[in-house]
Every structure is written in structure tokens, then in C-alpha cells.
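Remarks on the structure that follows.
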Amino acid sequence: MKVILQETLEGVGDLGDLLDVSNGFARNYLLPRKKAVEANSRNIKEFEHAKRAAAEKAKKEKQDIEAHGKKISAVSLTIAAQVGKDDKMFGSVTAKDIADGLAEQGFTVDRRKIQLAQPIKELGTFAIAIKLPREVTATIAVHVVKKQEEQAEPEEAAPTA
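Just so you know, we're using our numbering here: the sequence shown kicks off at 1404 and counts up by one.
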């Protein structure tokens, strides 16, 4: 009996495969459990239509994600870090800091999707990759600069009477 698989079955086939299986296997296992449908002309046309619709939807979704990736790639992020003697940084810039900086500019990115091998521990400009769905990657420029220390103004003493 010819059947179209409705899901991937290990050792049998993948979703959408057109298989020729024994009548007993099809009637007693595949069809009652809705793991396959009989391969008649109507079911084949229906499945191919669903496959085309899914492919078009996936293509449109990927284009939307690529457009979003281009918007993110246009972002230049500046992070001010506290430095000490010889421009040695205190602490480091992590994926969380980058995600917070992107959130301030209106881009919501999961910090786990920011491809940062190790935290940034020096001043400079770095290209950081952000992994988006559907194998789309955006790259942003992160500038790590010195934090400008604000001069504390001496408070004027109120005259005591």
C-alpha cells in the first residue's frame, strides 16, 4: 500500500515521503495513529499544496528576518567602561551589557544569541555577531570607550547664624 508520511518516523522515512509499505503495517499502525495517510490523488495534491504554502511562508519569514538583521547591523553601540591606570578596564563588557545597549536603542535581542567568545576586557572597537532565526546573522559595531568621570562640584556651605 502506498502512503504519505505525516511525521518523521525513525527507520521508516521522513515527513512527506511517499512510501510503499505492507498492507498490515499501514492498516494496523500508520493509519490508525495518524502517522500516514493513504496516497490517493487527492491526498497527494493536498500535501503538495501544503508544502508549497509552507515554502512560501518560510521564504517571506526569512526575508523579514534579513530586513530586521540589516536594521540591527546599522546600529553602532558605544559602551562607556571605567578604566584605571594605563587604560586598564575594571571588569568587562559582556553579552548582557550589549543586549541592554541594544534594548535602549529599541532592539530586543536575547543575550544568548550574541556571539561573544569571551567578555571584552579592553578599549576599542569590536565587531560582534548576533545570531537571528533561520541562519541569519547580523553584525554590530561595539565601541568601548573610557567613562568620563564627572567632577564633583564643592557644595557651598550655608552661612551659620
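For each residue, glycine too, the CB sits at the ideal point set by N, CA and C.
Who are the near neighbours of residue i in its chain, counting only those whose CB is closer than 8 Å to its CB and skipping five residues on each side?
| i | result |
| --- | --- |
| Lys-1550 | Ala-1483, Ala-1484, Gln-1485, Val-1486 |
| Ala-1555 | Because Ala-1555 carries a pLDDT of 48, less than 50, the predicted location of this residue cannot be relied on, and no value is offered for it. |
| Thr-1542 | Ser-1476, Ala-1530, Ile-1531, Ala-1532, Ile-1533 |
| Lys-1499 | Arg-1514 |
Count the other C-beta atoms from every protein chain shown that fall within 10 angstroms of the C-beta of residue i, then say buried if there are 16 or more, exposed otherwise.
| i | result |
| --- | --- |
| Leu-1477 | For the record, residue 1477 in the displayed sequence is Ala; it is not Leu. When all chains shown are included, Ala-1477 counts as exposed. |
| Gly-1472 | buried |
| Leu-1418 | exposed |
| Asp-1395 | Look at the range of the chain in this structure, 1404 to 1564, and you will see that residue 1395 is not part of it. |
| Val-1548 | exposed |
| Asp-1513 | exposed |
| Ala-1461 | exposed |
| Ala-1456 | exposed |
With a CB to CB cut of under 6 Å and the five nearest residues on each side skipped, what residues in its chain are close to residue i?
| i | result |
| --- | --- |
| Leu-1422 | Val-1406, Gly-1416 |
Assuming residue i contacts residue j (C-beta within less than 8 Å), just tell me the rounded distance between them.
| i | j | result |
| --- | --- | --- |
| Lys-1448 | Gln-1409 | Their Cβ separation, rounded to whole angstroms, is 16 Å, which puts Lys-1448 and Gln-1409 out of contact at 8 Å. |
| Leu-1505 | Ala-1544 | Between Ala-1544 and Leu-1505 the Cβ distance is about 12 Å, and since that is not below 8 Å, they are no contact. |
For residue i, which of the options has the nearest alpha-carbon?
| i | options | result |
| --- | --- | --- |
| Asp-1490 | Lys-1524, Thr-1528, Leu-1434 | Lys-1524 |
| Asp-1467 | Gln-1521, Arg-1537, Val-1547, Arg-1514 | Arg-1537 |
| Ser-1521 | Arg-1445, Thr-1497, Val-1539, Ala-1442 | Per the sequence shown, residue 1521 should be read as Gln rather than Ser. Of Arg-1445, Thr-1497, Val-1539, Ala-1442, the residue nearest in Cα terms is Thr-1497. |
| Gly-1509 | Leu-1526, Phe-1493, Lys-1474, Leu-1519 | Lys-1474 |
| Val-1539 | Asn-1446, Glu-1469, Val-1424 | Glu-1469 |
| Gln-1518 | Glu-1507, Ala-1502, Arg-1445 | Ala-1502 |
Can you list, in chain order, the residues of its chain with a C-beta nearer than 7 Å to that of residue i? Leave out the 5 residues immediately preceding and following it.
| i | result |
| --- | --- |
| Ala-1458 | none |
| Ser-1495 | Pro-1522, Ile-1523, Lys-1524 |
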